[in-house]
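Undergrad:
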Amino acid sequence: MPPPKNLAPNLWIVDQPDFTTGIAKIGTRMTIIKLAGGGLFLHSPTKLDDETKRSLDPLGEVRAVVAPSRAHHLFVGDYIKTWPTAKLYGPPGLVGGIPDFRARIGARRDLKLDAVLGDEPQAEWAGEIDQHLFKGAAGLNEVVFFHRPSRTAIFTDLVFNVPADFKDARIFYTLVGGRGRFGPHRLIRLAIRDRKAARESVAKILGWDFERVIVTHGDVLESGGKAKFAEAFSYL
């Protein structure tokens, strides 16, 4: 795995280009935030290998491991085993219930959450990171985060930013309309069942003063993120 890339003070990303859904190699990304108290907040952890562990240790102590949606949770258990004092957070519906899409969405019976994520930030990161449980797409239950100091919004699947010349998963991204565009592709649009509720969530997110957008699939958008997000969800 490549080493963490620093985007701003106390903000890094780790890319996993070889991540596959079993159908296509779409890649994924972890976001790392160093909190004021010195601990690390890990959003959507990538596969944990020796190199990743060695690169995290100098940054700080892993204290918060976050599965930000019902679809982004595959590697969180390895992080909790490696850093047993860290706390695990996830969205409603992640633990228990009936699994969907080959158990990638929901129903992790092997995990125990320290807290279920909602709209109120946990005490560990309150004042530094805001959050919102996106409404109208219960199958995903994605929690969107906003890192105030770096003016960065952090998404998982609600927003893709895959370049037109992305070499992997060409057929998949072409079929879902996710190539060369910023925003939700066709499958995510279908997952949004309640447009009124989704519009309320979009308005909530647009209340944040963000410039950068980190996505887990595609390129980081360094500037103009708020306007791009508003445009991408204007169809609602």
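When we follow the working numbering, the leftmost residue of the sequence shown carries the number 916, and every step to the right adds one.
Where is the CB? At the ideal position from N, CA and C, for every residue including glycine.
To the nearest angstrom, report how far apart P960 and P917 are at their CA atoms.
TA: Working through the sequence shown from its first residue, we reach residue 960 at position 45. Working through the sequence shown from its first residue, we reach residue 917 at position 2. Taking the straight line joining both Cα atoms gives about 14 Å.
Undergrad: Can you tell me which of A1041, S1065, Q1046 and L1073 puts its alpha carbon nearest to the alpha carbon of G1054?
TA: Indexing the sequence shown from 1 puts residue 1054 at position 139. Looking at the Cα atoms, L1073 is the closest of the given residues.
Undergrad: Can you tell me whether L1026 is helix, strand or coil according to DSSP?
TA: The residue you call residue 1026 lines up with position 111 of the sequence shown. Looking at L1026 - three-state DSSP - the assignment turns out to be coil, as it is neither helix nor strand.
Undergrad: Restricting to Cα atoms, I'd like to know which of H987, H958 and F1075 is closest to L1102.
TA: Numbered from its first residue, the sequence shown carries residue 1102 at position 187. Each of H987, H958 and F1075 was checked against the Cα of L1102, and the nearest Cα belongs to F1075.
Undergrad: Measuring straight from C-alpha to C-alpha, what distance separates P932 and A1118?
TA: On the sequence shown, residue 932 is found 17 positions in, with the first residue counted as 1. On the sequence shown, residue 1118 is found 203 positions in, with the first residue counted as 1. Approximately 32 Å between the Cα atoms of the pair.
Undergrad: Going by the CB atoms, is the gap between V991 and V981 shorter than 9 Å?
TA: By one-based count along the sequence shown, residue 981 stands at place 66. By one-based count along the sequence shown, residue 991 stands at place 76. Yes, Cβ-Cβ distance for V981 and V991 is below 9 Å.
Undergrad: Which residue from A1113, F1061 and V1135 puts its Cα closest to that of L1096?
TA: As a working note, residue 1096 is residue 181 in the sequence shown. Contrary to the premise, residue 1096 reads as Arg rather than Leu in this sequence. Considering only alpha carbons, the answer is V1135.
Undergrad: Going by DSSP in three states, R1017 sits in which element: helix, strand or coil?
TA: For the purposes of this step, residue 1017 is taken as residue 102 along the sequence shown, with counting starting at 1. Reliability of the predicted coordinates at R1017 is poor, the pLDDT of 39 falling under 50, and the value obtained from them is presented with this limitation in mind. Annotated three-state conformation of R1017 is coil, per DSSP.
Undergrad: Using 9 Å as the threshold, is the C-beta distance between R1127 and A951 below it?
TA: Against the sequence shown, residue 1127 aligns to sequence position 212. Against the sequence shown, residue 951 aligns to sequence position 36. Going by C-beta atoms, R1127 is not nearer than 9 Å to A951.
Undergrad: To the nearest angstrom, how far is the alpha carbon of L1032 from that of L974?
TA: If you number the sequence shown from 1, residue 1032 lands on position 117. If you number the sequence shown from 1, residue 974 lands on position 59. Roughly 25 Å between the two C-alpha positions.
Undergrad: For D1080, count neighbouring Cβ atoms within 10 angstroms of its own Cβ and tell me buried if that reaches 16, exposed if not.
TA: On the sequence shown, position 165 is the one that residue 1080 refers to. So D1080 ends up on the exposed side.
Undergrad: Could I get the ranges of all uninterrupted beta strand (DSSP E) runs contained in the region 928-965, with 3 residues as the minimum, in chain order?
TA: 943-949 and 954-958
Undergrad: Taking Cβ to Cβ, would you say T1067 is nearer than 9 Å to F1148?
TA: Sequence index remark: in the sequence shown, residue 1067 carries index 152 (1-based). Sequence index remark: in the sequence shown, residue 1148 carries index 233 (1-based). Taking 9 Å as the cut-off, the beta carbon of T1067 is found no closer than this to the beta carbon of F1148.
Undergrad: Determine which residues share a DSSP beta bridge with A923 and list them.
TA: In the sequence shown, counting from the first residue as 1, residue 923 sits at position 8. Paired residue(s): L926.
Undergrad: R969: which of G1042, G1140, T997 and N925 sits nearest, CA to CA?
TA: Locating residue 969 in the sequence shown gives position 54, where the first residue counts as 1. The residue with the shortest Cα to Cα distance from R969 is T997.
Undergrad: Does Y1150 come out as helix, strand or coil in the three-state DSSP assignment?
TA: Locating residue 1150 in the sequence shown gives position 235, where the first residue counts as 1. Residue state, collapsed to three classes: coil.
Undergrad: Is it buried or exposed, L926, if we count other Cβ atoms within 10 angstroms and call 16 or more buried?
TA: As a first step, residue 926 is located in the sequence shown; it is residue number 11 there, counting from the start. Buried: at least 16 other Cβ atoms inside 10 Å.
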